[in-house]
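> Mind looking over this structure? Questions follow.
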Amino acid sequence: MDWLEVQRQLQGQLQRELQGQLQRELQRELQRQLQRELQLPLQRELQRQLQRELQRELQRQLQRELQRQLQRELQLPLQRELQRQLQRELQRELHRRWPDHFCIS
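Put into structure tokens, the structure is as follows:
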């Protein structure tokens, strides 16, 4: 093997190594750009969508809970009070019409 052959082999080996290294660096840079330009905006958009959906779901749950509380704390007691008043009115009216048959309690 002469000097020229050795020089060509070394040059070929060096060229392959440099090409491999360049290719790996290029791949890493492309990956970073891809992440910066696509993945991160997509991630942010998904995050915003998830946030909106969570907000809507929480709003619905809160609305249902408030409705139940409203019914429990206001509507039901009011209904009972109205029922008592109606009962008293009915008894008065019955007593007024037929005093001998109905007495007011």
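According to full-length UniProt numbering, the residues represented by the sequence shown are 1 to 105, in order. Think of the CB as a built atom: it goes at the ideal place given N, C-alpha and C, for glycine as much as any other residue.
Work out the CA separation of Glu-45 and Gln-33 for me, nearest whole Å.
Here residue 33 refers to the residue found at position 33 when the sequence shown is read from its first residue. Here residue 45 refers to the residue found at position 45 when the sequence shown is read from its first residue. Near 18 Å, if we compare the C-alpha coordinates of Glu-45 and Gln-33.
> Hey, how far is the Cα of Leu-14 from the Cα of Gln-47?
The count along the sequence shown starts at 1 and reaches residue 14 at position 14. The count along the sequence shown starts at 1 and reaches residue 47 at position 47. Cα-Cα distance, rounded: 47 Å.
> Which value, in whole angstroms, describes the spacing of the CA atoms of Leu-40 and Arg-68?
Along the sequence shown, one-based indexing puts residue 40 at 40. Along the sequence shown, one-based indexing puts residue 68 at 68. Cα to Cα, Leu-40 sits roughly 42 Å from Arg-68.
> Assign Trp-98 to one of three DSSP states: helix, strand, or coil.
The residue you call residue 98 lines up with position 98 of the sequence shown. Of the three classes helix, strand and coil, the one that applies to Trp-98 here is coil, per DSSP.
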